[in-house]
Amino acid sequence: QQLERSEPAGASPPPPTVPSVMPKHEFSVDMTCEGCSNAVTRVLNKLGGVQFDIDLPNKKVCIDSEHSVDALLETLKKTGKTVTYVGPK
196 QQLERSEPAG ASPPPPTVPS VMPKHEFSVD MTCEGCSNAV TRVLNKLGGV QFDIDLPNKK
256 VCIDSEHSVD ALLETLKKTG KTVTYVGPK
């Protein structure tokens, strides 16, 4: 019987971590080893509010975030690596 009870539309908003909502950005980072990718992981986790994938062989980092591209770029540069913004993903 409970299945027939319908909730009013929008009663329970989706969780805030829905990745499709956040803009996705791709960066090229000059990473040569696991240590490099760990440095990227560390600075991004410190920034917070990001979901990311690191593609070490292709030296790419894809980030889902509400932060501006400039903020993400500055954060990635803290690793001391050469960072280039590739574009929206």
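Mind the numbering: the sequence shown is residues 196 to 284 in my numbering, read in order. Glycine included, C-beta positions come from ideal geometry on N, C-alpha and C.
Cβ-based neighbour list, residue i, same chain, cut-off 8 Å, excluding 5 preceding and 5 following
i      : result
Leu271 : Phe222, Val224, Val235, Val238, Leu239, Val256, Val278
Met217 : Gln246, Asp259, Ser260, Glu261
Glu269 : none
Gly244 : Ser260, Glu261, His262
Backbone CA spacing between residue i and residue j [nearest angstrom]
i      : j      : result
Met226 : Tyr280 : 14 Å
Thr274 : Lys284 : 22 Å
Cys228 : Leu251 : 7 Å
Val213 : Leu242 : Residue placement at Val213 is poorly supported in this model, since its pLDDT is 46, which falls under 50; the coordinates still yield a value, given next. Rounded to whole angstroms, Val213 to Leu242 spans 18 Å at the Cα level.
Asp248 : Lys219 : 11 Å
Proximity to residue i [Cα-Cα], best of the options
i      : options                : result
Lys276 : Asp248, Gly244, Gly230 : Gly230
Residue i (DSSP reduced to helix, strand or coil)
i      : result
Glu261 : coil
Gly282 : strand
Lys272 : helix
Lys254 : coil
Close beta carbons around residue i, own chain, < 7 Å, minus the five adjacent residues each side
i      : result
Gly282 : Glu221
Lys254 : Ser223, Val224, Asp225, Met226
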